[in-house]
Structure formats: C-alpha cells, structure tokens
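Chemist:
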Amino acid sequence: MNPMFVGLGVAAVGIGGMVFASAATLGTLTQDTLGATTSVTASCDTDGVDVDNWGSSYSVANTRYDTTTFDIINIAAACDGKLFKVTLADSGGNSLAETTGTLSLTGGAESFTVAAVSSEAVARVAVVFYG
Numbered sequence: 171m172n173p174m175f176v177g178l179g180v181a182a183v184g185i186g187g188m189v190f191a192s193a194a195t196l197g198t199l200t201q202d203t204l205g206a207t208t209s210v211t212a213s214c215d216t217d218g219v220d221v222d223n224w225g226s227s228y229s230v231a232n233t234r235y236d237t238t239t240f241d242i243i244n245i246a247a248a249c250d251g252k253l254f255k256v257t258l259a260d261s262g263g264n265s266l267a268e269t270t271g272t273l274s275l276t277g278g279a280e281s282f283t284v285a286a287v288s289s290e291a292v293a294r295v296a297v298v299f300y301g
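For the sequence shown, this note's numbering assigns the number 171 to the initial residue and increments by one for each residue that follows.
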C-alpha cells in the first residue's frame, strides 16, 4: 500500500479514559491528506469533533511519510480550558504517539504535535477531554 494513501479509523472521545472505536470507511482521500471520523461522548462536546489538516512529510531516513501535526476541529467552546489526551494508534489499538495538555481553543480548533510516526501505520485516533 502506498503510504501516501492512509485511512484513519474512528476517533472516540470519552471522559475518564481512552476508548478505541472500530475502523470506518472514510471516503475518498487524496495523497495530500489523511482523514478521520469521530464519535463523541464527552459532556463538554455533544455534537462531535473532527480530525483535519494532517501534517505529513517524506522521511528520507525511513523511506516513508511521517505524520507530526494535525488539528482537532469543531470542538465546543464548553471544552476550552479542559485537559486533553490524544493518542494516535495502529489498527491493533497500540499507541504510536501521544500528546497531552490543556485546550486553548481558537475558533473551536486545537493544533497538536506528536513525535513523527509512520502515516501508513496510523489507523485510529483517540481523544479525551477531562477536568
């Protein structure tokens, strides 16, 4: 599979813990984008969030595309100031990279940076807002 074509699974947002959901079809993806759908159970955001603006670049050393940045968008204003944990995982649910912090929303979005991971390996995104 060409690493430029990467589909992501369902992201689950839960209060008090990480919840991994099953993979979902994401529709048409281009070689410049990754994509994901989401399901939300967080009390601060009841209508869902989306993962967008994946930052992938080619790694000569690893001969693959790596992902280091992405945005979570459509976050409800009620979540501003909440703590977060975001995990990128493979198809088996194994963590590839994580980031934590406090949400400081700009227009309902937050940008995230993680250690470089193979874009092809990312199959799931898990998000939790809490605190």
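C-beta: ideal position from N, C-alpha, C; glycine also.
1) Once you ignore the five residues that flank F282 on each side, which residues in its own chain have a CB closer than 8 Å to its CB?
2) Closer than 7 Å by C-beta to V287: which residues in its own chain qualify, once you throw out the five before and the five after it? Chain order, please.
3) In whole angstroms, what separates the C-alpha of F299 from that of S229?
4) Our contact map puts D215 next to C249 with C-beta atoms below 8 Å; I'd like the distance itself, whole angstroms only.
5) Buried or exposed for A285, going by 16 or more other Cβ atoms inside 10 Å?
6) Between the beta-carbon of F254 and the beta-carbon of E280, is there less than 9 Å?
7) Which residues does DSSP list as the beta-bridge partners of G225?
8) Within its chain, find whatever has a CB closer than 6 Å to the CB of T272; leave out the 5 residues flanking it on each side and keep chain order.
9) Please list, in chain order, all residues of the same chain as N223 whose beta carbon is under 7 Å from its beta carbon, the five residues on each side excluded.
10) Quick check: what's the CA-CA separation for V295 versus S227?
11) Does the distance from the C-beta atom of A247 to that of G225 stay below 9 Å?
12) Given that a residue counts as buried once 16 or more other Cβ atoms are within 10 Å of its Cβ, and exposed if not, what is A293?
13) What is the DSSP secondary structure of S289, reduced to helix, strand or coil?
14) Pick helix, strand or coil for A247, following the three-state DSSP scheme.
Modeler: If we stick to the structure as given:
1) Excluding positions up to five away in sequence, the list reads T239, F240, D241, I242, V256, T269.
2) Cβ-Cβ distances below 7 Å link V287 to D236, T237, L258, L266, A267 in the same chain, with the five nearest sequence neighbours on each side left out; the list follows chain order.
3) Straight across, the Cα-Cα distance linking F299 with S229 is about 32 Å.
4) Contact flag correct, Cβ pair sits at about 5 Å.
5) So A285 counts as exposed.
6) Judged by beta-carbon spacing, E280 lies within the 9 Å limit of F254, meaning their Cβ atoms are closer than that value.
7) Beta-bridge pairing by DSSP links G225 to T239.
8) For T272, where only same-chain residues beyond five positions count, the Cβ hits under 6 Å are L253.
9) Excluding residues within five positions, the ones whose Cβ falls inside 7 Å are F240, D241.
10) Distance from the CA of V295 to the CA of S227, rounded to the nearest whole angstrom, comes to 19 Å.
11) Contact flag unset, no.
12) So A293 ends up on the buried side.
13) In the structure shown, S289 adopts helical secondary structure according to DSSP, grouped into three states.
14) Of the three classes helix, strand and coil, the one that applies to A247 here is helix, per DSSP.
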